[in-house]
Structures are given as structure tokens and as C-alpha cells.
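For what it's worth, our numbering labels the leading residue of the sequence shown as 8, then goes sequentially. Virtual Cβ for every residue (Gly too), placed ideally from N, Cα, C. Predicted model, so just to flag it, every value in this text is computed and none were measured. Below you'll find the structure, written out as C-alpha cells, and then a few comments.
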Amino acid sequence: MVIKMNFDDIKNTADKYLMPTYAHFPAAVEKGKGATLTGCGKKYIDFGSGIGVMSLGAGNEKWLDAVINQLKNIQHTSNLYYNSTVARLAQKLCERTGFSQVFFCNSGAEANECAIKLARKYSFDSYGEGRHNIISLVNSFHGRTLATITATGQEHYHKYFNPFVQGFKYVQAGDIEEFKAACDSTVCAVMLEVIQGEGGVVPTDFEYLREVRRICAENDILLIIDEVQTGVGRTGRFFAYEYAGIVPDLVTIAKGIGNGLPMGACLASEKYGNVLTAGTHGTTFGGNPVACAGALAVLETVDSGFLNSVIEKGEYIKKKLSEIDEVKSVSGLGLMLGIELKTKNAAEAAKLCCENSLLILTAKDKLRMLPPLVISKEEIDEGLAVLKKILTSEVVK
Ligand SMILES: Cc1ncc(COP(=O)(O)O)c(C=O)c1O
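Structure follows, in C-alpha cells:
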């Protein structure tokens with residue numbers, strides 16, 4: 008049975024029955040192909056990919072085939088039994104990235120929870136009680152669970168939900184002396200993003216990252232890099248940390264590897280691969296064979312040619328944006344871009360873009376672009392034309 012709902016029906020029903028945790032844009036998305044989405048008689052160019060998720064865009068044939076074939080075989084096994092799709096993804100992901108073991112879960116926050124637990128257990132096993140503190144950066148974002156919201160270095164998230172998880176401290180990105188001083192005998196790990204996404208598409212200085220890497224290695228402190236938003240080709244490299252020439256001890260991914268199905272992963276280097284043992288961590292849905300089948304298709308697609316195309320599209324967009332007078336600066340790498348405006352309000356501009364058939368995100372007071380990595384030149388041009396129109400109009404203040 009197909010139930011036809013118009014936009015107002017959908018909005019009123021959702022507003023009545025969903026907890027109001029999201030301020031929805033005035034759009035319903037029901038179908039899509041690539042970076043072109045439709046719903047309730049409207050067409051949208053997608054510059055957001057469901058907040059950096061649909062790396063291969065909507066309706067990618069290879070991904071769909073993989074997911075549908077897996078669904079026809081079996082949709083879920085639990086982690087009590089082996090499954091060939093799950094095993095193959097674990098192997099391909101480790102071989103591709105150089106890590107030796109992986110834990111699959113369902114989201115970025117869960118991937119970070121796994122990394123936090125692993126770091127603390129490694130430290131407990133090696134040094135005993137008391138070496139449990141985790142350093143994270145001011146302005147970071149690591150998720151919405153109680154531990155990851157605490158790891159998130161933004162004061163305004165640290166309200167309402169007391170008591171928060173103990174054992175996190177925050178340092179200013181780029182200040183290596185502050186970092187050194189924070190690395191006392193109670194610290195087991197540091198967690199950071201290479202480009203702070205929710206924090207406003209703010210890159211972390213590469214020299215700082217190299218110093219952090221060196222200090223962590225010297226002090227047996229785990230370096231956890233959160234690539235939930237930057238990973239799996241988003242910045243034009245498989246991992247954004249490759250730009251800095253470093254390798255973390257643990258890396259977390261989610262969003263783009265799932266391409267729309269819930270999928271997160273914490274990858275560990277050899278030394279840390281066996282820290283979490285049977286009974287110390289788990290998840291019912293994590294590593295679901297359907298999500299894993301889709302992730303295999305993503306992995307196979309994101310090859311070096313694909314990564315180069317991400318860089319080229321990013322450069323093209325940056326150039327086009329620099330020609331818009333209202334654009335003050337553009338930050339980010341590849342197809343993760345933050346747009347600082349001279350006079351206009353980013354949230355207002357994003358809403359007007361939506362009303363004019365362009366879905367674009369915000370991050371702090373910037374506009375943010377996270378389009379599907381497969382977005383075509385025509386879709387980019389169409390979306391940028393809308394953006395230019397909105398940014399040059401008198402309406403948005
Ligand atoms: C860097 C980073 N880490 C973690 C998360 C949380 O991911 P999820 O919403 O899948 O739990 C996000 C989400 O935006 C993120 O950008």
C-alpha cells in the first residue's frame with residue numbers, strides 16, 4: 008500500500024511524533040540519484056549528503072546491488088557467528104588502511120566509545136588504575152553519547168546531563184606547550200579530528216599533529232584520530248591524517264563508509280588489536296552483514312582515481328566560491344568545505360538555499376559543504392548557481 012502524503016502532512020506528523028531534537032529544514036526528501044534528490048514535487052541539489060554520509064550518493068548501482076544481494080542471503084547474524092561478508096570487510100579495511108584489527112559498530116559516537124574503552128583498558132592492563140584521562144581539543148566534536156559528548160571540547164554541550172563521564176581534559180589546538188603540560192602520568196590517550204567538522208571546518212595544524220604523534224609515542228599515550236567526518240575519501244585522501252604524514256594508533260570512521268546504512272568502525276594498529284577481549288565490548292547490530300556488504304562496495308569504489316576526482320572537484324568549487332563577493336574565506340580539503348560569509352547569516356542563507364532547491368549545511372557560523380563524493384560537474388554548477396543567487400540577493404541579512 009502506497010500512502011501519499013503532501014509536505015504539510017509529513018511535517019505535521021513528524022513534528023507531532025518525533026522528539027524535537029532537530030530543527031528541520033523546510034524540505035522532505037523521498038528519492039534520489041547521485042546528488043539530485045526529490046520529494047513532494049520538488050528537486051534538490053545535495054551539498055550535504057545526509058551530513059557527510061552518502062559518499063557514493065543516492066542510489067549508487069554497485070552499492071545497491073551489494074546491499075540487495077546480501078539482504079537476499081541473510082540480513083543479520085549477530086556477532087556470535089561468523090559471516091563471510093563481515094570477515095571480508097574486516098580484511099579489506101585492514102589491508103587498505105594498514106591497521107591490523109577492527110571493531111564494527113553502528114555510528115561515529117559508538118566508534119569513539121570503542122576507542123575510549125580500548126585506550127583505558129590498554130592503560131589499565133599495562134599500568135593499573137589511575138591512568139585513564141583522555142585529552143581532546145577545544146572546539147572538537149566526537150558524538151552524543153555521554154562519554155563522547157564529554158570528549159567533545161565545547162562548553163555548550165556540557166549542560167543538562169550531569170554528571171558527565173569523568174576523565175577528560177581539553178587543550179587548545181596548535182598549542183604544543185599546553186599539550187606537553189597536559190600529558191601527565193594520568194593520561195592514556197588523546198583524541199582529535201584533523202579538520203574539526205562540527206566545530207566550523209577548522210583544520211588542525213599539521214606540524215602540531217606531527218608533534219602530538221611524537222609525544223604520544225614517547226609516553227605510551229594512544230593517539231586516536233576521529234575520522235568520522237573526514238575519513239573514507241572525504242578530503243581527497245582515504246584518511247585526512249595522511250596529509251600530515253602521521254599514523255594514529257586508533258582511527259574511528261562512520262558516516263561515509265556506510266553510505267547511508269548505519270556503520271561505524273574503530274581500527275587498531277597491531278599493538279592494540281587484542282586489547283578488547285570477549286565480554287569487554289560488544290554490540291548487537293554492529294557489523295551487520297548488510298551494512299558490511301555496502302561498505303565493501305564503498306571501499307572498492309574509493310580508489311586512487313576516485314580520490315583524485317574528489318581533490319579536483321574541491322579545487323573547482325573553491326575557485327568558483329572565491330568569485331562570489333559575499334564569500335570571505337573557504338576552509339577545508341577535498342569535498343569538506345566551510346564557507347565564511349562577509350555579512351550574511353549562514354543559517355538564514357542555508358534555509359533560503361533549501362527553499363530554492365539546494366540542500367547545504369552549516370557549521371558554527373559558516374556554510375558547510377559535504378556533497379556526495381560522486382557529485383557531477385553539472386550538479387556542482389547547478390548548486391553553486393543557487394548559492395550565488397542567495398548570497399548576492401538583498402534578502403538574506
Ligand atoms: C568528527 C565526528 N565524530 C563523531 C561524530 C558522531 O557521529 P554519529 O552521529 O554517527 O554518532 C560526528 C558526527 O557529526 C563527527 O563529525
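Task: Sub-7 angstroms separation of Val178 and Ala154 beta-carbons - done: no
Task: Residue from Leu380, Val219 and Gly238 whose Cα sits closest to the Cα of Leu229 - done: Out of Leu380, Val219 and Gly238, Val219 has the C-alpha closest to the C-alpha of Leu229.
TODO: Tell me the start and end of each unbroken beta strand (DSSP E) in the region 317-358 that is at least 3 residues and wholly inside, in chain order.
DONE: 334-340 and 343-348
Task: Cβ separation of Leu268 and Ala304, assumed to be a contact under 8 angstroms, to the nearest whole Å - done: Contact doesn't hold; Cβ gap of about 11 angstroms is too wide.
Task: CB of Arg375 within 7 angstroms of CB of Leu365, strictly - done: no
TODO: Classify Arg103 as helix, strand or coil using the three-state DSSP reduction.
DONE: helix
Open item on the list: For Asn86 and Asp72, what's the separation of their Cα atoms in angstroms?
Closed with: Going by the C-alpha atoms only, they are around 24 angstroms apart.
Task: Residue ranges of each beta strand (DSSP E) within the region 199-233, 3 or longer - done: 229-233
- [ ] Can you say whether Phe168 is buried or exposed, counting buried as having 16 or more other CB atoms within 10 angstroms of its CB?
- [x] exposed
TODO: Consult DSSP for Ala370 and reduce its assignment to one of helix, strand or coil.
DONE: strand
TODO: Answer yes or no: do Asp53 and Ala42 have a C-beta to C-beta separation smaller than 7 angstroms?
DONE: yes
Open item on the list: Let's see if you can read the secondary structure: which residues bound the beta strand (DSSP E) around Leu144?
Closed with: Unbroken beta strand (DSSP E) run through Leu144: Asn140 to Leu144.
Open item on the list: Going by beta-carbon coordinates alone, are Gly150 and Gly115 separated by less than 7 angstroms?
Closed with: yes
Task: At least 3 beta-carbon pairs within less than 8 angstroms: the region 336-353 vs the region 14-23 - done: no
Open item on the list: What does the Cβ neighbour count give for His83, buried or exposed, with the cut at 16 atoms within 10 Å?
Closed with: Answer is exposed; the Cβ neighbour count stays below 16.
Task: Simplified DSSP state of Asp16, which is helix, strand or coil - done: helix
Task: C-beta contact flag for Ser56 and Asn266 at 7 angstroms - done: Going by C-beta atoms, Ser56 is not nearer than 7 angstroms to Asn266.
TODO: May I have a chain-ordered list of the beta strand (DSSP E) segments no shorter than 3 residues that lie completely inside the region 259-317?
DONE: 271-275
Task: Backbone secondary structure at Val109 - three-state DSSP - done: strand
Open item on the list: Helix, strand or coil for Tyr51? Go by DSSP, reduced to three states.
Closed with: strand
- [ ] Decide if Ala30 is buried, meaning its Cβ has at least 16 other Cβ atoms within 10 Å, or exposed.
- [x] exposed
Open item on the list: Are the CB atoms of Thr237 and Ala224 within a distance shorter than 7 angstroms?
Closed with: Note that the C-beta distance between Ala224 and Thr237 is not below 7 angstroms.
TODO: Could you say which of Glu136, Glu307 and His165 lies nearest to Ser147 if we only look at CA atoms?
DONE: His165
Open item on the list: Looking at Glu330: is its Cβ nearer than 7 angstroms to the Cβ of Leu348?
Closed with: For Glu330 and Leu348, no; Cβs fall outside 7 angstroms.
Open item on the list: Looking at the strands, I want to know which residues DSSP matches up with Leu44.
Closed with: Gly39 and Tyr51.
Task: Of the listed residues Gly39, Ile156 and Lys395, nearest to Ala356 (C-alpha basis) - done: Ala356 has its Cα closest to that of Lys395, out of Gly39, Ile156 and Lys395.
Open item on the list: Quick check on DSSP: helix, strand or coil for Ala116?
Closed with: helix
TODO: Can you grab the Cα-Cα spacing for the pair Leu100 / Lys371, in whole Å?
DONE: 33 angstroms
TODO: Evaluate contact between the region 270-283 and the region 90-110, counting only Cβ atoms and requiring at least three cross-stretch pairs below 8 angstroms.
DONE: With a cut-off of 8 angstroms, the region 90-110 and the region 270-283 count as touching, because enough Cβ pairs lie within range.
Open item on the list: Just checking His149 against ligand 1 - is the residue's beta carbon closer than 6 angstroms to any of the ligand's heavy atoms?
Closed with: Under cutoff, so the answer is yes.
Open item on the list: Does Leu87 come out as helix, strand or coil in the three-state DSSP assignment?
Closed with: coil
TODO: Would you check whether ligand 1 has a heavy atom nearer than 6 angstroms to the C-beta of Gly66?
DONE: no
- [ ] Grab me the residues of Ile232's own chain with a C-beta within less than 7 angstroms of its C-beta, minus the 5 sequence neighbours each way, in chain order.
- [x] Cβ within range, chain order: Leu199, Val201, Tyr248, Pro255 and Val258.
- [ ] Flag Ala261 as yes when its Cβ comes closer than 6 angstroms to any non-hydrogen atom of ligand 1, and as no otherwise.
- [x] yes
- [ ] With DSSP as the reference, please indicate the residues paired to Met448 in a beta bridge.
- [x] The question about residue 448 has no answer, for the chain in this structure spans 8 to 404.
Open item on the list: I'd like to know whether the C-beta atoms of Asn126 and Ala196 end up nearer to each other than 7 angstroms.
Closed with: Checking the displayed sequence, the identity of residue 126 turns out to be Ala instead of Asn. Yes, these two residues count as a Cβ contact at 7 angstroms.
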